[in-house]
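Numbering (the numbering used here), first residue to last: 199 to 337.
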Amino acid sequence: MKMHHGPLSLALSLSIALAPLPVLAATQDPSTMSDEEKMATAKKLYGEGDAAFKGGDSATALAKFEEAYNVYAPSLHVFNMNIGLAAYDLGDCVKAKTAFQRFLDLVSEHPARGQAQEKLLEIERSGCADVAAQPEPAA
Numbered sequence: 199m200k201m202h203h204g205p206l207s208l209a210l211s212l213s214i215a216l217a218p219l220p221v222l223a224a225t226q227d228p229s230t231m232s233d234e235e236k237m238a239t240a241k242k243l244y245g246e247g248d249a250a251f252k253g254g255d256s257a258t259a260l261a262k263f264e265e266a267y268n269v270y271a272p273s274l275h276v277f278n279m280n281i282g283l284a285a286y287d288l289g290d291c292v293k294a295k296t297a298f299q300r301f302l303d304l305v306s307e308h309p310a311r312g313q314a315q316e317k318l319l320e321i322e323r324s325g326c327a328d329v330a331a332q333p334e335p336a337a
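Below you can see the structure in the form of structure tokens.
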């Protein structure tokens, strides 16, 4: 179920390529970082995640994309598309559905919107995101 996301890679790269690249300490606390340092870290994590995804390591890609978005660039909502693709590739349809929907809700204009809508339809049709209620064990 390997997905390619060339246009998305380019769009996200262009979105964050404008950020300066200061030298960062590997263990620097995000709360002490400047916006430029956070963006540079998000860009680095995106590059690592994109390389992992292209190399078939969707688990590493997902971790890198989520860290970049959740810790360093929470306003860069296009990361949700990458999160969705990696999660979908791993078979985590619940996480993929949430990420694709968040992407569509928060990114009003982007070339990947159609792809996100298609993935949501695939998830809905397959039912892979339906979480069946587990019966309670008898006490």
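Think of the CB as a built atom: it goes at the ideal place given N, C-alpha and C, for glycine as much as any other residue. This one's a predicted model, so the numbers in the text were calculated from it and none came from an experiment.
Inter-residue CB distance, residue i and residue j (contact presumed, cutoff 8 Å)
i	j	result
V274	Y267	Before going on, a small fix: residue 274 reads as Leu here, not Val. Their Cβ separation, rounded to whole angstroms, is 7 Å, which keeps L274 and Y267 in contact under 8 Å.
For residue i, three-class secondary structure by DSSP
i	result
L274	coil
P220	Interpretation of P220 is limited by its pLDDT of 43, a score under 50 that renders its predicted location unreliable; no figure is taken from the coordinates.
Near the ligand SAH: residue i beta-carbon under 6 Å from a heavy atom
i	result
F263	Because no ligand of any kind appears in the structure shown, any question about the ligand SAH cannot be addressed here.
For residue j and residue i, the rounded distance between their alpha carbons
i	j	result
E234	K241	10 Å
A284	K317	12 Å
R311	S232	31 Å
V329	K295	12 Å
S256	G247	8 Å
F263	S306	20 Å
Min CB distance residue i to chain B below 7 Å
i	result
N280	The chain inventory of the structure shown lacks chain B, comprising one protein chain alone.
Practice problem: Could you tell me whether the stretch 305-321 touches the stretch 277-292, using the rule of 3 or more Cβ pairs below 8 Å? | Solution: The answer is yes - the stretch 277-292 touches the stretch 305-321, with three or more Cβ pairs under 8 Å.
Practice problem: Could you name each continuous alpha helix (DSSP H) segment of 4 residues or more that falls completely within the stretch 304-331, going from the start of the chain to the end? | Solution: 311-324
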